[in-house]
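Asker: Protein chains in written order, with the working numbering: chain A, 198 to 665; chain B, 198 to 665; chain C, 198 to 665; chain D, 198 to 665. Would you mind keeping the following structure in view while I ask a few things?
There are 4 protein chains.
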Amino acid sequence: MKGEKCGVFGIFGEGLDVSRLSFYGLFAIQHRGQEGTGIAVADGYGIAHHKGQGLVTQVYSEENISQLKGHIGIGQNLYSTCKVSNRKHIQPVIVKNGLLALAHNGNLPSTKALQVFLTERGVDIADHNDSELMAEAIAYYIRQGKKLQDAVAAAYPLFTGAFSILVMNKNSLVAVRDSFGIRPLAMGRINNSSGAHGVVFSSETCSFHTIGAQFLREVNPGEMIIVDEDGERSIQLERSKNKLDIFEFVYFSRPDSVLLGQSVYEVRKRSGEELARECPLDVDMVIPVPDTAVPAAIGYARAINKPMEMALTKNRYIHRTFIQPDQHLRELGVKLKLTPLYEAIKGKRVVLIDDSIVRGTTSQQIVHTLFEAGATEVHFLISSPPVKFPDFYGIDTPVQRDLIAATKSEAQIKEFIGATSLHYLSLEGLIRSTGVDASQFCTACFTGEYPLDIQERAQEVCFDLAKT
Amino acid sequence: MKGEKCGVFGIFGEGLDVSRLSFYGLFAIQHRGQEGTGIAVADGYGIAHHKGQGLVTQVYSEENISQLKGHIGIGQNLYSTCKVSNRKHIQPVIVKNGLLALAHNGNLPSTKALQVFLTERGVDIADHNDSELMAEAIAYYIRQGKKLQDAVAAAYPLFTGAFSILVMNKNSLVAVRDSFGIRPLAMGRINNSSGAHGVVFSSETCSFHTIGAQFLREVNPGEMIIVDEDGERSIQLERSKNKLDIFEFVYFSRPDSVLLGQSVYEVRKRSGEELARECPLDVDMVIPVPDTAVPAAIGYARAINKPMEMALTKNRYIHRTFIQPDQHLRELGVKLKLTPLYEAIKGKRVVLIDDSIVRGTTSQQIVHTLFEAGATEVHFLISSPPVKFPDFYGIDTPVQRDLIAATKSEAQIKEFIGATSLHYLSLEGLIRSTGVDASQFCTACFTGEYPLDIQERAQEVCFDLAKT
Amino acid sequence: MKGEKCGVFGIFGEGLDVSRLSFYGLFAIQHRGQEGTGIAVADGYGIAHHKGQGLVTQVYSEENISQLKGHIGIGQNLYSTCKVSNRKHIQPVIVKNGLLALAHNGNLPSTKALQVFLTERGVDIADHNDSELMAEAIAYYIRQGKKLQDAVAAAYPLFTGAFSILVMNKNSLVAVRDSFGIRPLAMGRINNSSGAHGVVFSSETCSFHTIGAQFLREVNPGEMIIVDEDGERSIQLERSKNKLDIFEFVYFSRPDSVLLGQSVYEVRKRSGEELARECPLDVDMVIPVPDTAVPAAIGYARAINKPMEMALTKNRYIHRTFIQPDQHLRELGVKLKLTPLYEAIKGKRVVLIDDSIVRGTTSQQIVHTLFEAGATEVHFLISSPPVKFPDFYGIDTPVQRDLIAATKSEAQIKEFIGATSLHYLSLEGLIRSTGVDASQFCTACFTGEYPLDIQERAQEVCFDLAKT
Amino acid sequence: MKGEKCGVFGIFGEGLDVSRLSFYGLFAIQHRGQEGTGIAVADGYGIAHHKGQGLVTQVYSEENISQLKGHIGIGQNLYSTCKVSNRKHIQPVIVKNGLLALAHNGNLPSTKALQVFLTERGVDIADHNDSELMAEAIAYYIRQGKKLQDAVAAAYPLFTGAFSILVMNKNSLVAVRDSFGIRPLAMGRINNSSGAHGVVFSSETCSFHTIGAQFLREVNPGEMIIVDEDGERSIQLERSKNKLDIFEFVYFSRPDSVLLGQSVYEVRKRSGEELARECPLDVDMVIPVPDTAVPAAIGYARAINKPMEMALTKNRYIHRTFIQPDQHLRELGVKLKLTPLYEAIKGKRVVLIDDSIVRGTTSQQIVHTLFEAGATEVHFLISSPPVKFPDFYGIDTPVQRDLIAATKSEAQIKEFIGATSLHYLSLEGLIRSTGVDASQFCTACFTGEYPLDIQERAQEVCFDLAKT
């Protein structure tokens with residue numbers, strides 16, 4: 198499992214129902230991972246947990262939540278592109294019945310240092326994934342007599358890559374983020390009228406609104422925050438600078454989250470305005486591919502002063518194990534996920550807006566659908582630059598040869614998709630729409646420039662590409 | 198089970214995978230019923246079926262669909278407000294192992310005639326619901342030697358109320374609609390390049406787009422359409438006139454469906470324009486309650502020339518058996534289904550648009566959320582008139598005393614909800630937005646004027662109200 | 198699936214709860230097949246059914262049984278040696294949604310005639326097993342206009358091998374047995390005080406005691422019995438003679454069943470007496486391998502006037518998916534299914550009695566266990582001759598090379614098993630214990646003499662053996 | 198839940214697969230409780246566990262067992278008469294995520310001292326059952342700084358009643374038995390060839406044979422045995438004397454277990470011999486009610502020199518949620534669990550032997566069945582005295598008014614059951630058959646003489662009886 202786009206949530210509370218708040222906190226970031234989910238809770242004496250495959254609302258029952266008692270909790274939603282899902286990867290990782298629990302959002306391009314370290318110390322790491330290796334390294338230092346926070350600090354230099362992790366033992370909670378801050382991690386505070394209070398962490402700030410907490414600040418790159426009965430403390434483990442994956446703004450995060458001080462919804466809307474600056478078109482209507490592209494379509498439509506119409510209806514009842522149409526049905530033109538508004542589209546020149554193109558096949562179908570519904574022109578605008586490079590730090594895009602923009606020119610992509618015209622937002626335009634300085638971002642999926650050395654995993658991909 | 202808002206689908210095909218097309222056809226009208234679903238298929242020798250509780254994508258597996266072989270199929274999605282769900286009510290009704298199968302969307306206010314008819318003829322009707330009674334009456338005539346179509350025609354006078362039904366036996370399919378056409382039912386045609394072809398029926402035209410079929414026309418009120426190996430025939434069973442439930446436009450139908458020749462999406466957008474005519478407001482932004490109210494918000498915002506913003510984010514992962522927050526969490530201000538865009542709303546005067554108000558409690562929460570997010574004014578506009586009367590013909594609204602507009606004035610509702618101002622679209626405005634003559638609609642939920650006599654069920658409700 | 202040892206049950210009743218009686222009838226013959234079970238019920242209009250993997254008590258719920266309404270029912274318990282169980286093979290076979298249902302106990306060594314017949318007539322037989330082919334052949338003649346009984350008679354010559362089948366359509370039930378009567382099939386009558394009554398069929402007479410029915414007689418080899426609203430009729434389809442598989446007495450049937458007029462329990466007890474005649478031993482006690490060998494041990498012990506002791510305790514909670522011990526546990530001497538009475542066995546000379554030896558590995562373990570518990574001598578007596586030939590007509594023994602008696606002499610077997618001495622009951626002794634003439638039996642598993650030509654399946658095995 | 202007849206198992210091992218051995222150890226004592234089962238395992242860092250409703254073979258999967266890693270394990274099988282089963286009662290009790298785990302076989306007639314103790318110290322005991330109260334009391338002392346063994350010793354005086362408990366924390370295992378030794382608890386040792394070894398505990402010695410361990414001795418009444426990395430130590434917490442529940446010999450224990458140095462099988466066989474001394478009858482055969490009464494029938498038959506016949510066949514496929522026959526089927530004489538051998542019984546004078554009579558209804562049915570099968574006389578012998586008193590210390594018999602012997606004389610019972618004659622073994626005869634002095638037993642179910650004060654629970658029953 199090379200890539201991991203996941204969501205983590207953590208809480209240290211007094212007088213709060215920690216497992217229930219974790220449930221709602223994870224529910225709010227369900228979009229970051231739908232493969233499986235788990236919650237671990239500590240009560241000062243040990244750690245209990247519940248995990249399972251599927252959605253937050255499917256995995257936990259009232260009984261599960263009631264039985265998870267304690268004042269500290271961490272949880273994770275797992276994302277996976279693996280067809281064959283594996284229960285083993287569902288987090289939090291639990292090391293030695295209750296020694297510690299760890300939840301991880303990220304991806305380590307190299308785990309050689311970790312493997313050598315653990316193997317030399319006699320730890321059995323057969324079948325261990327990235328997250329389990331990290332957890333074992335911390336556990337090693339705890340068994341050496343270190344406190345949790347010192348064990349995390351000691352193991353930290355062994356972690357190479359993108360990671361936002363939450364670790365807890367029976368009486369303390371630690372949050373750490375890699376020195377580039379590639380994956381997000383935010384901190385909040387919760388207080389109720391009867392004096393109960395706590396500190397919360399989440400991959401996205403939208404968790405805080407959902408549970409009635411206040412967003413305080415982001416965990417800084419390279420920072421470790423410790424929460425225990427003595428309160429909170431921060432230790433900067435490494436000098437660092439922000440290199441947030443810009444794709445969080447483009448696609449990953451929920452519109453009501455805030456990253457680097459910017460509302461994701463507003464950034465997306467401004468990316469539509471930037472598109473209008475770069476490519477103003479004379480059309481009859483602007484149609485978003487729901488849901489991510491809606492804010493960009495609002496921004497674009499307003500800027501060119503044309504109507505935005507929700508002319509593609511999304512069927513939201515798609516399920517993991519969806520029954521696929523056979524060849525006969527494909528020939529009939531089955532449209533399962535998106536159906537067009539024939540009446541609105543017929544005879545119209547339309548702009549279609551999406552956030553990105555990965556393989557291109559879905560885009561091709563949508564453009565085809567609009568022409569079939571009677572559109573006379575379909576101009577396809579993308580609110581980000583071409584995705585040319587696979588991501589090694591946590592966004593699990595297909596390997597490079599599957600990325601249409603890695604092997605085709607824009608003219609060829611337009612041809613393949615069948616659009617009247619095609620325009621990608623420039624990188625400068627995208628960065629301008631974020632309202633943040635370009636130096637703050639990892640833009641590797643567009644540029645191939647990674648903030649750190651990809652090491653062994655780059656070779657895996659090169660080998661893959663060599664075969665094609 | 199008095200009320201039933203459901204979805205039905207039927208197909209008679211040659212060379213087509215009838216069970217798979219039924220699966221996709223029902224998937225497209227999942228929004229009409231999520232309690233349970235079933236498909237019955239006939240192969241000239243008998244009828245096989247599969248039913249279950251839950252969503253279309255949960256109930257059927259590839260194995261189920263593969264095993265349902267035949268050339269005729271009908272299916273239904275069940276809607277139910279009953280807290281305790283009951284597998285027994287899942288349709289299609291199967292009478293006598295394979296004599297006939299029936300799928301029903303509608304509601305019979307009186308079943309006395311049916312009960313008397315069947316009891317006198319020795320048919321055991323203990324525990325039978327409306328749909329089972331209809332099926333038994335048809336079965337009675339078949340056992341008397343009549344063909345399916347003649348049996349349906351013979352039983353038709355016993356059916357009092359709103360019904361759109363599909364019935365099949367081992368070799369023919371019949372579609373019938375009540376004489377007022379209160380619930381929708383459309384007919385389409387499907388052809389593929391290799392000569393396979395068929396006739397399809399669905400509660401909504403959106404099923405046709407999904408499976409690659411063409412919409413032909415609506416089944417007329419009082420009309421029976423027969424499809425068998427001799428082709429299709431139509432018989433007008435009763436003189437009739439359209440009295441479509443106007444709530445289909447307001448809330449029930451999918452935006453990409455067409456009713457009485459009008460696009461639901463366009464009607465909703467025009468209802469926003471009508472709202473602007475009746476109640477133009479000087480605000481900073483227009484916010485829809487997603488998803489139904491989005492077209493109305495687009496129409497209103499455009500008419501008053503103010504920005505429409507998707508400033509309420511809907512969490513779409515809500516599941517049937519959702520874990521409820523306890524009192525402590527409620528006090529924390531947990532927001533599970535809708536979270537606001539704080540950055541966009543703060544300091545703004547907003548118009549909030551929803552399609553209707555039923556109990557008023559959800560509306561109250563949303564208005565409160567917007568103020569909490571910093572809105573200075575929250576004007577609440579409803580794109581339909583006040584819902585004052587429970588529906589006896591297929592829309593399962595709570596009984597009258599639970600309808601806030603049945604017991605409170607608009608001023609009192611505004612007070613209860615806490616909005617800065619409140620405006621309901623007038624009935625005239627709503628009808629104007631449909632583009633159809635007022636005489637074509639049943640508007641009973643707003644006016645209490647039913648196209649037919651409510652009979653015994655009105656009394657039940659009166660009795661209920663007497664207790665309050 | 199070459200071999201099938203299964204149990205079938207059928208009923209035609211008036212005023213009886215046919216599905217519930219089928220449930221109890223199948224429950225009584227659960228020992229004949231635990232892989233899966235199904236019941237089909239006809240009500241004069243069509244056929245409904247319920248099937249599933251597992252035990253009778255696991256597959257059916259009160260709801261399932263209540264929903265199967267009708268006056269005719271057939272059911273089957275499936276036996277299978279296949280590791281990968283396949284839902285597809287669970288019977289009754291249902292042809293064309295309700296045209297007919299068929300339940301089969303037996304095995305056809307050759308299905309070429311059936312395959313040619315059906316293929317020439319355009320019936321798609323891809324992936325069809327023996328039972329499905331038989332059902333399709335009958336269905337073919339029904340579609341040609343024949344009544345069920347005439348269709349069965351017409352298809353009968355195409356069936357080559359061992360079969361006891363029950364077939365029903367919507368209004369009649371037919372029972373047929375192959376001309377050698379290799380697999381059992383009995384007929385009974387049921388009457389209750391309020392006038393309800395019916396005819397029942399079962400693989401074993403123990404079903405009749407369980408449901409309160411009276412055993413009438415066996416269905417004769419080559420006989421077809423028809424039951425419909427005109428009553429019962431018998432037609433002898435073919436001249437024939439009894440060739441019952443003698444293994445029904447040795448192991449398959451329940452002790453309280455009656456075959457060829459003989460109590461299975463008494464036959465087994467007499468086999469113990471025959472063993473005493475052939476091999477009387479001077480020992481301290483006689484120990485049966487529970488449960489099948491208990492009657493033989495009673496007979497032997499009484500004949501030699503020594504105590505019989507239940508000195509091996511059987512753990513009856515073994516489940517299909519039992520967790521297997523790993524190598525370490527095997528070394529510890531884990532005894533899961535049978536544990537010895539150390540106190541009773543220590544220092545004693547014992548006779549151990551079992552009904553048969555197949556592979557020999559289990560026998561080896563039991564003998565080892567007794568020595569470990571302190572036995573000074575373990576004499577192993579088998580109440581039937583050596584099993585040397587695989588069975589092609591319904592008993593699913595492993596292919597010949599796995600049968601220890603097919604490749605080893607008795608001296609070698611004694612050596613392998615580790616017993617002090619080993620004695621098999623002679624075939625003459627076994628037949629004497631049955632109280633029936635030798636000509637009435639198929640004894641192929643001991644002698645290799647099959648009552649009919651094995652044809653293509655013999656070759657399969659030869660091929661298998663050639664590889665070893 | 199007043200009564201608990203359960204089975205416990207524990208292990209402290211080095212180099213052993215502790216969870217797998219616990220699985221097999223519990224599998225061997227499945228007969229003591231089939232409601233639910235759980236295993237908890239400690240690895241020096243914390244405690245992990247898996248619990249569920251149902252049989253050992255249903256609750257654990259290979260995956261569950263593999264994931265429970267550690268060197269200490271305890272488990273329990275839960276017995277319950279409650280119709281509505283409750284997952285909450287499944288043991289081991291886990292206190293504070295991993296502080297300690299406790300498995301209990303027994304019953305506390307009074308928990309007032311425990312409740313007062315805990316409530317005064319601020320421990321929330323709402324909804325706590327007996328076992329949870331015991332666990333909380335031990336946990337209290339651990340939190341006060343005591344080691345596990347000292348905490349158990351400190352809490353011990355608060356436990357009033359019958360208990361055999363196993364407690365563990367992350368690095369030690371403690372076994373304790375009440376001062377009368379009412380419920381059994383044995384200790385064994387396990388060694389394999391590669392040096393792995395361990396100490397095991399079980400409610401019955403049959404667990405030791407199953408896992409390849411050696412039985413060492415019983416845990417003494419009032420004794421605490423501690424096992425940790427320093428080895429084993431014994432502390433006698435209280436002066437005590439054996440008062441083993443004699444019903445363990447009569448019915449509860451497996452025949453291959455050993456109690457107070459006596460083989461359960463041999464004791465049961467001798468009880469048959471004692472019956473022959475007290476009541477020798479001139480009959481044709483002796484029939485046991487399978488399975489418990491088989492040894493007694495062997496003993497009786499041999500003593501009177503008449504044949505013992507297994508003339509009642511038991512259907513072993515009965516499942517928890519068995520579909521019950523309706524009234525019509527009862528009238529038909531449905532025999533689900535036991536069917537008679539008609540051929541063997543007809544015209545015979547029989548002795549029927551069972552271990553005990555509780556309500557009398559089952560006995561009535563069996564006697565009726567034998568007469569129906571043609572027996573001319575049915576003499577009913579019971580291998581223990583009349584059960585007249587409910588048990589408050591762990592055997593969950595129905596309350597007194599349901600016990601037929603509590604309200605009827607032997608003559609009335611004979612009448613009710615319909616037997617030709619009825620004879621109960623005398624208490625003296627039963628004790629003689631055990632080979633142990635009468636002073637070693639609790640015989641309360643026969644005599645009402647409890648070794649300790651019943652306290653509040655006696656009153657509950659009196660109140661119940663007052664209502665009748």
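For each residue, glycine too, the CB sits at the ideal point set by N, CA and C.
Kindly give me the distance between the Cβ atoms of H247 of chain A and G235 of chain A, rounded to whole angstroms, as I take these residues to be in contact under 8 Å.
Answerer: Rounded, the Cβ-Cβ distance is 7 Å, consistent with contact.
Asker: Select from A:K285, A:L355, A:Q264 the residue whose C-alpha is nearest the C-alpha of G249 of chain A.
Answerer: Nearest option by C-alpha distance: A:K285.
Asker: Using DSSP with H/G/I as helix, E/B as strand and the rest coil, what is Y462 of chain D?
Answerer: Three-state result, Y462 of chain D: helix.
Asker: Counting only C-beta atoms, is F209 of chain B closer than 7 Å to chain C at any point?
Answerer: No, because no Cβ of chain C sits closer than 7 Å to the Cβ of F209 of chain B.
Asker: Within this structure, are the beta carbons of T536 of chain D and T510 of chain D separated by less than 7 Å?
Answerer: Contact: yes.
Asker: Could you tell me how far apart the beta carbons of F449 of chain B and P648 of chain B are, in whole angstroms, since I believe they sit closer than 8 Å?
Answerer: With a Cβ gap of about 17 Å, F449 of chain B and P648 of chain B do not count as contacting.
Asker: What residue range is occupied by the uninterrupted alpha helix (DSSP H) comprising H678 of chain A?
Answerer: This structure cannot settle anything about residue 678 of chain A, because the visible part of chain A is limited to 198 through 665.
Asker: Can you tell me the Cα-Cα spacing of T594 of chain A and I387 of chain B, whole angstroms?
Answerer: Any reading at T594 of chain A must be qualified, since the residue scores a pLDDT of 45, below 50, and its modelled position is unreliable; the value itself is stated next. Going from the Cα of T594 of chain A to the Cα of I387 of chain B covers about 38 Å.
Asker: Could you tell me whether the segment 207 to 217 of chain C touches the segment 259 to 278 of chain C, using the rule of 3 or more Cβ pairs below 8 Å?
Answerer: Because the criterion of three Cβ pairs below 8 Å is met, the segment 207 to 217 of chain C and the segment 259 to 278 of chain C touch.
Asker: With 8 Å as the limit, tell me which residues of the segment 231 to 248 of chain C have their beta carbon closer than that to any beta carbon of chain B; keep them in chain order.
Answerer: Listed by position, the residues of the segment 231 to 248 of chain C near chain B (Cβ gap below 8 Å) are V238, A239, D240, G241, Y242, G243, I244, A245.
Asker: Along chain C, in chain order, which residues have C-beta atoms closer than 8 Å to that of A500 of chain D?
Answerer: Under the 8 Å cutoff, chain C gives no residues; its nearest Cβ is about 11 Å from A500 of chain D.
Asker: Along chain D, which residues have their Cβ under 7 Å away from the Cβ of G267 of chain A?
Answerer: The answer, in chain order, is N294.
Asker: Which residues in chain A have a C-beta closer than 7 Å to the C-beta of A494 of chain B? List them in chain order.
Answerer: Chain A residues near A494 of chain B: none, gap ~10 Å exceeds 7 Å.
Asker: Using a threshold of 7 Å, state whether the C-beta atoms of F206 of chain A and G222 of chain A are closer than that.
Answerer: Yes, Cβ-Cβ distance for F206 of chain A and G222 of chain A is below 7 Å.
Asker: List the residues of chain D that A225 of chain C touches, going by C-beta distances under 8 Å, in chain order.
Answerer: By Cβ distance, chain D contributes N512, T536.
Asker: Use the C-beta contact count for G342 of chain D: other C-beta atoms within 10 angstroms, 16 or more gives buried, fewer gives exposed.
Answerer: With fewer than 16 Cβ atoms within 10 Å of its Cβ, G342 of chain D is classed as exposed.
Asker: Use the C-beta contact count for N193 of chain D: other C-beta atoms within 10 angstroms, 16 or more gives buried, fewer gives exposed.
Answerer: It is not possible to answer for residue 193 of chain D, since the shown part of chain D is limited to 198 through 665.
Asker: Where do the ends of the alpha helix (DSSP H) carrying K511 of chain A lie?
Answerer: Counting along the chain, K511 of chain A falls outside any alpha helix (DSSP H), though it belongs to the beta strand (DSSP E) covering 509 to 511.
Asker: For Y221 of chain B, does the three-state DSSP call read helix, strand or coil?
Answerer: The answer is helix: DSSP assigns Y221 of chain B an H, G or I state.
Asker: Taking 7 Å as the threshold (beta carbon to beta carbon), is D453 of chain C in contact with chain D?
Answerer: With 7 Å as the cut-off, D453 of chain C counts as an interface residue toward chain D.
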